[in-house]
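A.B. asks: Quick one: the structure is below, questions incoming.
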Amino acid sequence: MKNLLWLQGGACGGNTLSVLNASDPDLFTFLFTHNVKLLWHPSLSLDNNITQILNDIISDRLHLDILIFEGTVIMGPNGTGMYDIFAGKPMIEWLRKIATKADYIIAVGSCASFGGIPASEPNPTESTGLQFHKKDCGGFLGKNFKSRKGFPVINLSGCPVHPEWLLTTLLLIIEDKLSQEDLDEFNRPRLFYSTTTQFGCPRQPYFTYKISTKELGHREGCLYFELGCRGPYTRSSCNNILWNNQSSKTRVGTPCMGCTEFDFPSFNFFKTEKNRSGIPKRLPLGVSRGSYVTFSAVAKASAPQFLLRPLVRKGKGDWIE
Amino acid sequence: MNEKIISPLNRVEGDLDLKVIIENNRVIRAYPMSRLFRGIEIILRNKYPMDSLVITPRICGICGASHLYATAQALDMAYNAYVPPNGVRLRNVMALAEMAQNDVRHTYLMFLIDTVNKKYENLPFYKDMVLRWAPYIGSSYKEAVKWSKKYTEIYAIFGGQWPHGSAMVPGGVTTDPYYNDIMKAKGILTHITVEFLEKTVLGGPLYQFLEINSLNGLEQWCTDYPNGDLCKIWNYGKDMGWLELGRGSNYLMSFGHVPLAEKYVPGNSKLMFDKGIINLENWEKIDLDQNNILEFVSSSYYTYDEGEKIGLHPFDGETKPLPPNASSSKYTFTKAFRYKLGNSLIAPEVGAISMLTVGGNSLMVDLVRRFKSNVLLREIARIIRLALIHKIIMDELNDYDINKPAYKKPDEVNTTRGYGMLEAPRGSLGHWIVIKEGKIYNYQIVTPTQINMGPEDPFGNLSHLSLSLLGTEVNDVNNPIEVAHVVRSHDACMVCNVHFFDSGLEKMVIRL
Chain A
1 MKNLLWLQGG
11 ACGGNTLSVL
21 NASDPDLFTF
31 LFTHNVKLLW
41 HPSLSLDNNI
51 TQILNDIISD
61 RLHLDILIFE
71 GTVIMGPNGT
81 GMYDIFAGKP
91 MIEWLRKIAT
101 KADYIIAVGS
111 CASFGGIPAS
121 EPNPTESTGL
131 QFHKKDCGGF
141 LGKNFKSRKG
151 FPVINLSGCP
161 VHPEWLLTTL
171 LLIIEDKLSQ
181 EDLDEFNRPR
191 LFYSTTTQFG
201 CPRQPYFTYK
211 ISTKELGHRE
221 GCLYFELGCR
231 GPYTRSSCNN
241 ILWNNQSSKT
251 RVGTPCMGCT
261 EFDFPSFNFF
271 KTEKNRSGIP
281 KRLPLGVSRG
291 SYVTFSAVAK
301 ASAPQFLLRP
311 LVRKGKGDWI
321 E
Chain B
1 MNEKIISPLN
11 RVEGDLDLKV
21 IIENNRVIRA
31 YPMSRLFRGI
41 EIILRNKYPM
51 DSLVITPRIC
61 GICGASHLYA
71 TAQALDMAYN
81 AYVPPNGVRL
91 RNVMALAEMA
101 QNDVRHTYLM
111 FLIDTVNKKY
121 ENLPFYKDMV
131 LRWAPYIGSS
141 YKEAVKWSKK
151 YTEIYAIFGG
161 QWPHGSAMVP
171 GGVTTDPYYN
181 DIMKAKGILT
191 HITVEFLEKT
201 VLGGPLYQFL
211 EINSLNGLEQ
221 WCTDYPNGDL
231 CKIWNYGKDM
241 GWLELGRGSN
251 YLMSFGHVPL
261 AEKYVPGNSK
271 LMFDKGIINL
281 ENWEKIDLDQ
291 NNILEFVSSS
301 YYTYDEGEKI
311 GLHPFDGETK
321 PLPPNASSSK
331 YTFTKAFRYK
341 LGNSLIAPEV
351 GAISMLTVGG
361 NSLMVDLVRR
371 FKSNVLLREI
381 ARIIRLALIH
391 KIIMDELNDY
401 DINKPAYKKP
411 DEVNTTRGYG
421 MLEAPRGSLG
431 HWIVIKEGKI
441 YNYQIVTPTQ
451 INMGPEDPFG
461 NLSHLSLSLL
471 GTEVNDVNNP
481 IEVAHVVRSH
491 DACMVCNVHF
501 FDSGLEKMVI
511 RL
C-alpha cells in the first residue's frame, strides 16, 4: 500500500482535470490496481479531514509515500505566503513540513515545476516552482533538497500535464523502477521530455521543405515560420502521446505554445519573432544559424509541388508561402 | 451561538473557506472567503492582445474553453472581426462539450457523493444512493468517471487538447476539420448519448426527454423511467428537503449563450439562450445592459482611489490589493458584483438554473415558477442542460459545411476595446479588454463564482450565496451537510475569481 497526497497551491486545477481524462487505465482503476491510497485530494475526497491528515504526516503517525503538488508555491506578499491560506495557515508552512516527510515528490504541471504563468513578470504573487524557478534550480525547496528516497522533486511540466506522463511516472515509482539517470537536467523523466513537439507532427513535411502557412485556419503548412509555433524547440511528446486520445495543438492548427518549457509563457504567441535577415530568432533545437540558412535554401528549392497546394480541397493555395 | 469555519471546503474547484455563524441550529451569518490570489492578469498587461488567448484559458482548469470563448469574442469585437458560421459552430461545439464534461463531473464527483453522509443513514433509500453515488464505487459514479472524459475527446478533435487548448481565435477557429473529424465527433457523442446519458442519467430516450415542458411532464418521466439518476435525484432530493434549501437572491441573471452561427455579431448576437435578468417575485424580465455592471471592494482586500463607496464598471476597473487581515471589515479577495437596476443594486444568482430560466427553457421556467431557486433545482437544471447540449452539439456538427472556411483573418486594430460575455458552466462570465497602441492596457474578468459568492457591498447588501445560506437549518452543527449542499449546488469554481488592481491596469486571479 502506498499513500498518496495531492495538494494544490496557486493552481487552476487543470492538472487534476487532465488526470481525470486518463483512459487506459483511468485514475481510479490505476489507484486500485496498484494499491495506492489517495489520502486526500481537494476536488475528489469525500471527507474534509485534511488538517488531521497533514498533522499526522508531520508527526510521523502517517507515512507519506508520494506527494503530488499542483500549482505554484505562493510566497507573497513579502514572503509571508498569505496569498494562499490553506487549512488555516499559509500553504508554504504546510509544504515546508510535509516535504521532508515524503518519500517522493512530484510537481505536476509547469506551475509546480517552474512557476509557470503566475511566476512570469512581474510575478505579483511571488510565485515559484517547488525546486526550480524558471530555469534555475532552487525554487521553494532549494537546490539541495532531496525527498526521503534521495530524489529531487520530479518535475512533470506541461500546461497541463498529460495523464499518461503522470500515471507512468507514478508506476515507475511504485514499482521502484525509477532511477535518477532517468531524469533530464530539469529533473523530468526523459521518457516524455527528450523529443520535441515536432516528433509526430503531421506538418513535419512542410517544415522539412520550409513551406509556411501564412494564416491560421488551415490544415496544411508549417506553423513555425510565421505563426509562432514553438514545436521545433519545445521538448514534449504531445504528437506522440496524443491528447484526449485524439489530437494535439499543431494537429488542429494551433501553434505549440512551448508549455512544457521552463520559460512558459514566453509571450508574443501566434507570431514568429525574426531577426533582420528574416530568420526566426529561435531556431530548431540543436540547429546552428549557419546550417539553418544553408539547409533552408536547399529545402525550399527542393519542395515537392504537391505540398504547395491544399491536399484535399480544391481552390487557391494563396495561404501557403 | 456557534461559529464555524470550514477551511478548506473541499470538492469545489479550488479551495474555499466559509465562515458560518449558527444560532439555534440556524445559519444567521455566512461569509464566503477567497483565500488565494494568483495574479495571472497582472501579467497580461502590456502583452500582445493575442497572448490573452493562451493565458485566459489557464485561469481555470475546468472551464478554460469558456474563458477562451470570451477572449475570442472580446477580440472579435475589438477587431470588428467577421466570423464565418463554421467558426461559430465549432466554437459552440467546443464550449458545450466542455460544459457537458463539467456538468457530469460536478453532479457525480462533487455534489452527489454527499448523499452518503451519515445524516441520511436512516432513510429507506440510503442504500440505493450509496450503491449509485458513493465515491469510487457507486455504479453511476463509475460511469461518470468513464464517460465525462469522452466529452473532452470531442473537444480535442477540434481544440487539440483539453484542458487548455487555444483553438478559438478572433475570426473563428484555428482548426480545419475534414469529414472524418466531424463523423468521429458525432460518433463519440452518439456513444455517450446511448451508453451514458440515456442509460445512467436520464433513464430513457433523449428525444423524448427533450419534449418535456412542465413539472407534470417531469413527474410523468419519473414514473415512466424510474431507474435513471434524474428520477432518483428528483424524488430523493424532494424527500431530503432540497427544494426548500438554499433559496437566495430574488434575481436570476444570464449573460446568454450559444450564438446562432448565421447571426453572430460580437456583443449583439442572436442567441439560443437569451440574456437578461428575471425577477423571481413578479417574473419581470429585465434586459441586460453590460454598462450597468459594477464592482465594489468595501469588504474585499482592495481599496479604490475614490473611496470604498463607489462601484466601478469593468472597463474602468481599479483594484489595489491590501495584504489579507489588514482590516477587520475585509475578509475576501473577491470583489462584490452588483447590477445597477434603476436606483438599486442587485446581487443576482447565476448558473445553469439562471441560464435556462432566463433563456426560456419551458421545463425550467415551470419548475422555477413553482419552486423558485434552490439546491435541488440547481442540480436538475444541470441535467436538463446536459440533455440540451447533446442536441445542440449534434445539430451544429450536422450543419457544419465542410466546404467552407471556419476562419477569416481579421485586421488587428491598434487602439480599441471590446468585451465577450457568455455562460460558462457555472454561470455568467465576462471579459473586458482595452487595447492601446497594440498592447493590452486593461483586461478585466467577471466570473460566475465572483457573482454568486462575493461579499457584501458598502450598502450592506449581501451576495447571493450569503443570502442562500441565511436561515439554513443545520441539523447537526458538527456535520453541517446542509451548508455544504448549498455551496456545492452552485458548482463553485474558486480558481476563477479574477480581479484587477492599480487603476484598472492590473488584475489578479483569486482562488476562494
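Protein sequence lines correspond, in order, to chains A and B. So for the first sequence, full-length UniProt numbering puts the first residue at 1; every next one is plus one. So for the second sequence, full-length UniProt numbering puts the first residue at 1; every next one is plus one. The beta-carbon is built from N, C-alpha and C at its ideal position, and this holds for glycine as well. Bear in mind the structure is a predicted one, so any value in this text is a computation, not a measurement.
Below 8 Å on the Cβ atoms is my guess for GLU98(B) versus CYS63(B); work out the distance and round it to an integer in Å.
C.D. replies: Correct: roughly 6 Å between the Cβ atoms.
A.B. asks: Please state whether DSSP places LEU505(B) in a helix, a strand or coil.
C.D. replies: Confidence at LEU505(B) is low in this model, with a pLDDT of 24, below 50, so its placement is unreliable and no value can be given for it.
A.B. asks: For ASP103(A), which three-state DSSP category applies?
C.D. replies: Three-state result, ASP103(A): strand.
A.B. asks: MET110(B) and TYR120(B) - do their beta-carbons sit closer together than 8 Å?
C.D. replies: The answer is no: Cβ separation not under 8 Å.
A.B. asks: Alpha carbons only, please: which of PHE315(B), ARG338(B), ILE435(B) and TRP162(B) is nearest the one belonging to GLN246(A)?
C.D. replies: For GLN246(A), the nearest C-alpha among the options comes from TRP162(B).
A.B. asks: Between the segment 318–349 of chain B and chain A, which residues of the former have CB atoms less than 7 Å from a CB of the latter, in chain order?
C.D. replies: If the cut-off is 7 Å between Cβ atoms, the segment 318–349 of chain B has PRO323 and PRO324 near chain A.
A.B. asks: Using C-beta distances below 8 Å, list every residue in its chain close to GLU93(A), excluding the 5 sequence neighbours before and after it, in chain order.
C.D. replies: Taken in chain order, the residues that qualify are GLY81.
A.B. asks: Give the range of the beta strand (DSSP E) segment to which SER254(B) is assigned.
C.D. replies: SER254(B) -> beta strand (DSSP E) spans 251–254.
A.B. asks: Of the choices TYR155(B), THR190(B) and ILE188(B), whose alpha-carbon is the least far from that of THR175(B)?
C.D. replies: The option with the nearest alpha carbon to THR175(B) is TYR155(B).
A.B. asks: Report the residues of the segment 230–258 of chain A with a CB closer than 9 Å to any CB of chain C, ordered along the chain.
C.D. replies: Considering every chain present, this structure includes no chain C. Its protein chains are A and B.
A.B. asks: Classify GLN305(A) as buried or exposed, calling it buried when 16 or more other Cβ atoms lie within 10 Å of its own Cβ.
C.D. replies: Its Cβ having fewer than 16 others within 10 Å, GLN305(A) is exposed.
A.B. asks: Does the beta carbon of GLU396(B) sit closer than 8 Å to a beta carbon anywhere in chain A?
C.D. replies: By this cut-off, GLU396(B) is not an interface position.
A.B. asks: Please go through the same chain and pick out, in chain order, the residues whose beta-carbon is closer than 8 Å to the beta-carbon of THR168(A), but skip the five residues on each side of it.
C.D. replies: Excluding positions up to five away in sequence, the list reads PRO189, LEU191 and PHE192.
A.B. asks: By the 10 Å Cβ neighbour count, where 16 or more other Cβ atoms means buried, how is LEU68(B) classified, buried or exposed?
C.D. replies: Classification for LEU68(B): buried.
A.B. asks: Please work out which residues of its chain come closer than 6 Å, Cβ to Cβ, to PHE264(A), disregarding the five sequence neighbours upstream and downstream, and give them in chain order.
C.D. replies: Taken in chain order, the residues that qualify are SER110 and GLY258.
A.B. asks: Are VAL73(A) and PHE132(A) closer than 8 Å when you measure CB to CB?
C.D. replies: No, the pair does not count as a contact, with Cβ atoms beyond the cut-off.
A.B. asks: In whole angstroms, what is the alpha-carbon distance linking ILE279(A) and GLY290(A)?
C.D. replies: Cα to Cα, ILE279(A) sits roughly 11 Å from GLY290(A).
A.B. asks: For a contact meaning CB atoms closer than 7 Å, what does LYS186(B) contact in chain A?
C.D. replies: Per Cβ cutoff of 7 Å: no residues; LYS186(B) is ~14 Å from chain A at best.
A.B. asks: By Cβ distance below 6 Å, which residues in the same chain neighbour MET94(B) in space, the five residues on each side in sequence not counted?
C.D. replies: Cβ neighbours of MET94(B) beyond the five flanking positions: ALA65, TYR155, PHE158 and GLY159.
A.B. asks: Got a sec: is the Cβ-Cβ distance from MET272(B) to anything in chain A below 8 Å?
C.D. replies: Not one chain A Cβ lies under 8 Å of MET272(B).
A.B. asks: Please check if any C-beta of chain A sits within less than 8 Å of the C-beta of MET183(B).
C.D. replies: For MET183(B), the answer is no, since every Cβ of chain A falls outside 8 Å of its Cβ.
A.B. asks: According to DSSP, simplified to helix, strand and coil, what is ILE320(A)?
C.D. replies: Strand at ILE320(A).
A.B. asks: From this set, ASN2(B), MET50(B) and LYS404(B), which residue's C-alpha is nearest VAL434(B)'s C-alpha?
C.D. replies: If we check each option's Cα against that of VAL434(B), MET50(B) comes out closest.
A.B. asks: Taking 8 Å as the CB-CB cut-off, is ASP24(A) touching chain B?
C.D. replies: It does not; no Cβ of chain B falls within 8 Å.
A.B. asks: Contact check, LEU15(A) vs LEU39(A) under 8 Å by CB: the rounded distance?
C.D. replies: Sequence check: residue 15(A) is Asn here, not Leu. With 8 Å as the limit, ASN15(A) and LEU39(A) do not qualify as a contact, their Cβ atoms being about 17 Å apart.
A.B. asks: Find the nearest neighbour of PHE267(A) within the set ILE22(B), LEU44(B), VAL20(B) and TYR31(B), judged by alpha-carbon distance.
C.D. replies: Among ILE22(B), LEU44(B), VAL20(B) and TYR31(B), the Cα nearest to that of PHE267(A) belongs to LEU44(B).
A.B. asks: Quick check on the DSSP output: the beta strand (DSSP E) that includes ARG417(B) runs from which residue to which?
C.D. replies: Looking at the DSSP string, the run of the beta strand (DSSP E) that includes ARG417(B) is 416–424.
A.B. asks: Taking a Cβ distance cut-off of 7 Å, strictly less, list which residues of the segment 159–170 of chain A are near chain B, in chain order.
C.D. replies: For the segment 159–170 of chain A, which is checked against every Cβ of chain B, the residues closer than 7 Å are CYS159 and PRO160.
A.B. asks: Does the count of Cβ pairs from the segment 191–200 of chain B and the segment 386–393 of chain B closer than 8 Å reach three?
C.D. replies: Touching, yes.
A.B. asks: For TRP84(A), which residues from the same chain have a beta carbon less than 7 Å from its beta carbon, with the 5 sequence-adjacent residues on both sides left out?
C.D. replies: Per the sequence shown, residue 84(A) should be read as Asp rather than Trp. Excluding sequence neighbours, ASP84(A) sits near GLY9, GLY10, ILE74, PRO90 and MET91.
A.B. asks: Out of curiosity, what's the CA-to-CA distance linking ARG338(B) and LEU307(A)?
C.D. replies: Their backbone Cα atoms lie some 56 Å apart in a straight line.
A.B. asks: Taking Cβ-Cβ distances below 7 Å as the criterion, which residues of the segment 195–227 of chain A are in contact with chain B?
C.D. replies: Here the close residues are GLU215, LEU216, GLY217, HIS218 and ARG219.
A.B. asks: If you follow the alpha helix (DSSP H) that SER52(B) is in, where does it begin and where does it stop?
C.D. replies: Unbroken alpha helix (DSSP H) run through SER52(B): 52–55.
A.B. asks: Taking beta-carbon pairs under 7 Å, can you tell me which members of the segment 185–206 of chain B lie near chain A?
C.D. replies: So the list is empty, because no residue satisfies the distance condition.
A.B. asks: At what residues does the beta strand (DSSP E) containing GLU295(B) begin and finish?
C.D. replies: Start and end: 293–296.
A.B. asks: Is it the case that the segment 277–295 of chain B contacts the segment 458–474 of chain B, given that we only count it when at least three CB pairs across the two stretches are under 8 Å?
C.D. replies: Touching, no.
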